[in-house]
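Colleague: Would you mind keeping the following structure in view while I ask a few things?
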Amino acid sequence: MENSAFVIEGSRLVKCTDPDLEEIIVPEGITEIGEGAFWCHRSLKRLLLPAGVTAIGDDAFWDCTALEELHLPAGLLCIGNGAFSECAALEELHLPEGLVSIGQGAFLNCRKLKSPLLPKSLREIGPRAFAKCWNIRQRWRVHKENPWIRTEGALLLTANGREVLHCRPWAKGEILVPEGVERIRRGAFFACVRVTNVLFPPGLRAIEEVAFADCGSLRKICLPEGLEELGRCAFADCVSLRQANIPLFISKIPEGAFSGCISLDQVSLPDTLTEIGEGAFYECDFQPFA
2 MENSAFVIEG SRLVKCTDPD LEEIIVPEGI TEIGEGAFWC HRSLKRLLLP AGVTAIGDDA
62 FWDCTALEEL HLPAGLLCIG NGAFSECAAL EELHLPEGLV SIGQGAFLNC RKLKSPLLPK
122 SLREIGPRAF AKCWNIRQRW RVHKENPWIR TEGALLLTAN GREVLHCRPW AKGEILVPEG
182 VERIRRGAFF ACVRVTNVLF PPGLRAIEEV AFADCGSLRK ICLPEGLEEL GRCAFADCVS
242 LRQANIPLFI SKIPEGAFSG CISLDQVSLP DTLTEIGEGA FYECDFQPFA
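Take any residue in the sequence shown, count from 1 to its spot, add 1: that is its number in the numbering used here.
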């Protein structure tokens, strides 16, 4: 079905066919904004979504560079991967109560975005959801009654304090990961370019893939002895990183773990190490088999 500038299938808005519209009012009856529906609509400044919308698909508003303010409707349950990524002018974001999940990279590189209030209904924040949102400079704002997510310093944690979800993008200097944290999620510190050092708790067991990738000011890492899992590209492109120690219980350094760490020249490897993945030290001064 076609309706003015929209291609609609049932209650799903599949596509907007006019990329030059400055204002878009999505019609009543729509419950889902489809994948890439408004992809690269760079003239879009004002968006009104009806209260019945429950899902915004992956990349739905990717690179809508003129969009400045966003009031998402009551009833919205999920925001897809990359849904508002690269919305360079987006400054104000109002997330509705009832929202359950924010997808991977949903607001990636929204450089003007101020810290939104994360509602008490929010359960899941995907990897790099707010990465490179440099204007999130103050503490994270989490509804005080949210039972799934809490904040501590520059970090968003699961409510039980066992997992780090996200580091505030503009955090600087030394970051203390609190006692009780066992896992640092995928992309949690991605592109935290002002972080220079991270202090890990002894109980940390896992650092997932790209957790610290592109932390351009990180100089040294001392991984705790209890660490058992190191993810792919965990410290990739940390161009200032010079020193790293790999603890005893790590038997494999995965592919790309330190790739692009062009300053890395001091690495302590344990005797228990049995495998070094492809490109683990690509472009590093340190080469384990040289």
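Glycine included, every Cβ here is placed at the ideal spot set by N, Cα and C. Here the structure is a predicted model, which is why all the values come from computation and not from measurement.
According to DSSP, which residues form a beta bridge with R184?
Modeller: R184 pairs with E164 and A207.
Colleague: Exposed or buried, which one is E238 when buried takes at least 16 other CB atoms within 10 Å?
Modeller: It should be noted that the sequence gives Asp, not Glu, for residue 238. It counts as buried.
Colleague: Have a look at the DSSP bridge pairing and note the partners of S252.
Modeller: DSSP output for S252 lists no bridge partner at all.
Colleague: Cutting at 6 Å between CB atoms, please list the residues of its own chain near L200, excluding the five before and the five after it.
Modeller: Cβ within range, chain order: L177.
Colleague: Can you give me the start and stop residues for the beta strand (DSSP E) that I246 sits inside?
Modeller: The sequence shown places Asn at residue 246, rather than the Ile named in the question. Per DSSP, N246 belongs to the beta strand (DSSP E) from Q244 to N246.
Colleague: Would you kindly work out how many angstroms separate the C-alpha atoms of G278 and P255, rounded to a whole number?
Modeller: Taking the straight line joining both Cα atoms gives about 5 Å.
Colleague: My guess is that P170 and E153 are in contact by the Cβ rule of under 8 Å, so how many angstroms apart are they, rounded?
Modeller: Incorrect: roughly 16 Å between the Cβ atoms, too far for contact.
Colleague: Suppose you measure from the CA of A6 to the CA of E33; what does that come to, to the nearest Å?
Modeller: Their backbone Cα atoms lie some 16 Å apart in a straight line.
Colleague: How close, in whole Å, do the beta carbons of V165 and R186 come, if the pair is a contact with beta carbons under 8 Å?
Modeller: That belief holds up - the Cβ atoms of V165 and R186 are roughly 6 Å apart, short of 8 Å.
Colleague: Shortest alpha-carbon distance to L123 belongs to which of H144, F131, Q105 and F190?
Modeller: Ranking the options by Cα distance to L123, first place goes to H144.
Colleague: Short check: CB of A84 to CB of A107, under 8 Å?
Modeller: In contact: A84 and A107 (Cβ atoms closer than 8 Å).
Colleague: Quick check on Q267: buried or exposed, where buried means 16 or more other Cβ atoms within 10 Å of its Cβ?
Modeller: Looking at its Cβ environment, which holds fewer than 16 other Cβ atoms inside 10 Å, Q267 is exposed.
Colleague: For D294, I'd like the list of residues in its chain whose CB is within less than 8 Å of its CB, leaving aside the five on either flank, ordered along the chain.
Modeller: This structure cannot settle anything about residue 294, because the visible part of the chain is limited to 2 through 291.
Colleague: Applying the criterion that 16 or more other CB atoms from any shown protein chain within 10 Å of the CB defines a buried residue, is M2 buried or exposed?
Modeller: Confidence in M2 is poor, its pLDDT being 40 and thus under 50, which makes the residue's placement too unreliable to answer from.
Colleague: Rounded to a whole number of angstroms, what is the C-alpha to C-alpha distance between R220 and R13?
Modeller: Roughly 48 Å between the two C-alpha positions.
Colleague: Does the distance from the CB of L119 to the CB of G99 come in under 8 Å?
Modeller: No. Outside cutoff.
Colleague: Considering only their Cβ atoms, is the gap separating A155 from I191 smaller than 8 Å?
Modeller: Note that residue 191 is Phe in the sequence shown here, rather than Ile. No, these two residues do not count as a Cβ contact at 8 Å.
Colleague: Could you tell me which residues DSSP puts in a beta bridge with G174?
Modeller: According to DSSP, which records beta bridges pairwise, G174 is partnered with V196.
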